[in-house]
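Notes follow once the structure below has been shown.
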Amino acid sequence: MTTASAPQPILRHSHAERLTHWAVAVAYVALFLSGLAMFHPFFFWTSALFGGAAFMRVLHPFLGVAFAILFYAYALRLWNDNKLVAGDRAWVSNMFKYMNRAGKDVPVEGKYNAGQKLMYWSMMVVILVLLVSGILMWRPYFAPSVGVGLRRFSNVVHAAMAFVMFVGIGVHVYAAYWTKGAMKAMTRGTVSRAWAKHHHPGWYEEVRKGSP
Amino acid sequence: MWRSGVAKTLGVLTMVAVVVGGIFHYMKVGPLEVKEDEAKEA
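Structure below.
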């Protein structure tokens, strides 16, 4: 129950942002599980989750296109908040101290820290490469008009980028779980004032001044 | 390396290592929490 003296929480993610984020997440899980079956025989059993390998093979590229559309619809809204600033260099230099809670944190200037921004820009590139390489080997629509050499190259690039994406999203999910309050920000939309001031002091000041 | 399957196996092992690394990190460092007392200053 909120008391009259309790500080009001701050809106960090709007309804639209949260809905799009979770739609991207659901699409990613479906893509990841279907992709795993094609990535390594050890994971072939995941194809059963999609009604068998044949249907999963058909579904995967459609899911990929839906995922890319949802991701870029979400990511483009966050473009301005993820522009790199001079202070990000210091944050990256102290990243391991931050992860080990050793020493003082480098103040974050904007809504996202440099680690979040690196994730953002790497996913912008990785998902584009996944989309293009996936389309080049999409049978029966595009692959027949693409040379065998390019298709094989796309296959390797697609698997390598999927691997990078798994590691990146793995770090993203863990960081959200590790940073208490971050998951609530993406479900309920709000963070406490103490949370905002501690993790994103620059953004907190902007919100406080009424110009988020 | 790709055709022999070594790269894919290394990829799978790295993915498993990321998951295990996360568990160890959480065990060693614990959650990143903010004391709500800071709200008074805020």
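One line per chain: the protein sequences are D and F, in this order.
Sequential numbering from 1 applies to the first sequence in our numbering.
Sequential numbering from 1001 applies to the second sequence in our numbering.
Glycine included, every Cβ here is placed at the ideal spot set by N, Cα and C.
Nearest to residue i by CA position, among the options, is which residue?
i: ALA37/D; options: TRP22/D, ALA53/D and VAL26/D; result: ALA53/D
i: ALA1007/F; options: VAL157/D, THR20/D and LEU11/D; result: VAL157/D
i: ALA114/D; options: LEU128/D, ASN82/D and SER133/D; result: ASN82/D
i: ALA25/D; options: LEU49/D, PHE67/D and SER14/D; result: PHE67/D
i: VAL207/D; options: ARG57/D, SER154/D and GLU109/D; result: GLU109/D
i: HIS21/D; options: PRO41/D, ALA194/D and LEU70/D; result: LEU70/D
i: ALA30/D; options: PHE62/D, ARG18/D, PHE142/D and PRO9/D; result: PHE62/D
i: TYR214/D; options: THR46/D, PHE42/D, ILE127/D and TYR177/D; result: This structure gives no information on residue 214/D, because the portion of chain D shown stretches from 1 to 212.
i: VAL85/D; options: GLY202/D, GLY210/D and VAL125/D; result: GLY202/D
i: VAL173/D; options: TYR28/D, LYS209/D, HIS40/D and PHE43/D; result: TYR28/D
Spell out the partners DSSP gives residue i in its beta bridges.
i: LEU1032/F; result: THR179/D
i: LEU11/D; result: THR190/D
According to DSSP, is residue i part of a helix, a strand, or is it coil?
i: VAL191/D; result: strand
i: THR2/D; result: Since pLDDT at THR2/D reaches only 49, below the 50 mark, its modelled position is unreliable, and the value read off the structure follows with that caveat. Looking at THR2/D - three-state DSSP - the assignment turns out to be coil, as it is neither helix nor strand.
i: LYS97/D; result: helix
i: GLY103/D; result: coil
i: GLY1022/F; result: helix
i: GLY110/D; result: coil
i: ASP1037/F; result: coil
i: PHE142/D; result: coil
i: VAL85/D; result: coil
i: MET38/D; result: helix
i: HIS60/D; result: helix
i: SER1004/F; result: coil
Where does residue i land, buried or exposed, given buried means 16+ other C-beta within 10 angstroms?
i: ALA1017/F; result: exposed
i: HIS15/D; result: exposed
i: MET1/D; result: Note that MET1/D scores 49 on pLDDT, short of 50, meaning its location in the model is unreliable and no value can be drawn from it.
i: TRP91/D; result: buried
i: LYS197/D; result: buried
i: SER93/D; result: exposed
i: ARG188/D; result: exposed
i: ALA6/D; result: exposed
i: LYS117/D; result: buried
i: ASP1037/F; result: exposed
i: PHE50/D; result: buried
i: ALA102/D; result: exposed
Open item on the list: Closer than 8 Å between beta carbons: that is the criterion. Which residues of the region 84-116 of chain D meet it against chain F?
Closed with: Contacts with chain F (Cβ-Cβ distance below 8 Å) from the region 84-116 of chain D involve MET99, ASN100 and ARG101, listed in chain order.
Open item on the list: Under 8 Å, CB to CB, which of the residues in the region 12-35 of chain D have a partner in chain F?
Closed with: Nothing from the region 12-35 of chain D brings a Cβ to less than 8 Å from some Cβ of chain F.
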